[in-house]
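Heads up, the sequence shown is in the numbering used here, so the first residue is 8 and it goes up one at a time.
Glycine included, every Cβ here is placed at the ideal spot set by N, Cα and C.
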Amino acid sequence: MKKDIRKKVLTNLNLLSQTSDKKEKQENNILSQLFSSQMWQEAQTIGTTLAMEKEFNTKPLIEQALKEGKTVGVPRTFGLGKMDFYFFDFDEELELTSFGVLEPKNEKKITKDKIDLLIVPGVAFSPDGFRVGFGGGFYDRYLTDFKGRTCSLVFKEQTGYSWQPEIHDLPVEKLFMSQEEECLDEPIFK
């Protein structure tokens, strides 16, 4: 079932990425919710991804975090589904992985206990915070003993699905979802 949901939602995300105005409006709406949230305001260190085109654009999020003096970590993956977060700013040298993902080359690891807020990516989301990921299990493993706060940034195209969570699945604490009728034409953060 997860495989079918993943395939359908990835198709929807590819279509959304071809309508950049609609995608950007949803992103602006979701980011304004995130930036005004207590979990964002209290966090000093943020863990997030360097998004690919069809994913939620994390560049404005990273820019805002750095502007506010927060530390940003992005993941680097290793064999056996292992993942750690490493310091990131826009001056960091990156390398392209075999999965087509950009990762930092530096050795400035940020330990789990230092990440206050982890922004967890996913393909599809249930109303109770469970997610269908991209299939590698990296975040499922990382979250097992993660003590910080978690959230996901969710397009409306990623919602409306239900499935039975597996025993290893862990929900994120908060879903920031597009309120389409309230989507903004211009970002309110700069």
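Taking the Cα of F85 as reference, the smallest distance to any Cα among G143, L22, R13, V179 is reached at G143. Residue state for L103 is assigned as strand, using DSSP reduced to three classes. Residues L41, L124 of the same chain have their beta carbon placed closer than 7 Å to that of W47, with the five preceding and five following residues left out of the count. Residue environment for M184: buried (at least 16 other C-beta atoms within 10 angstroms of its C-beta). Contact check for S169 and G129: beta-carbon distance about 14 Å, past the 8 Å limit, so the pair fails to qualify. Under the DSSP assignment, P67 falls in the alpha helix (DSSP H) whose first and last residues are 66 to 74. Residue environment for I122: buried (at least 16 other C-beta atoms within 10 angstroms of its C-beta). In this structure, the beta-carbon distance from I12 to V139 falls below 8 Å.
The continuous alpha helix (DSSP H) containing Y146 extends over residues 145 to 150.
For the segment 122 to 184, the continuous alpha helix (DSSP H) assignments of 4+ residues that do not extend past its boundaries occur at 145 to 150, in sequence order.
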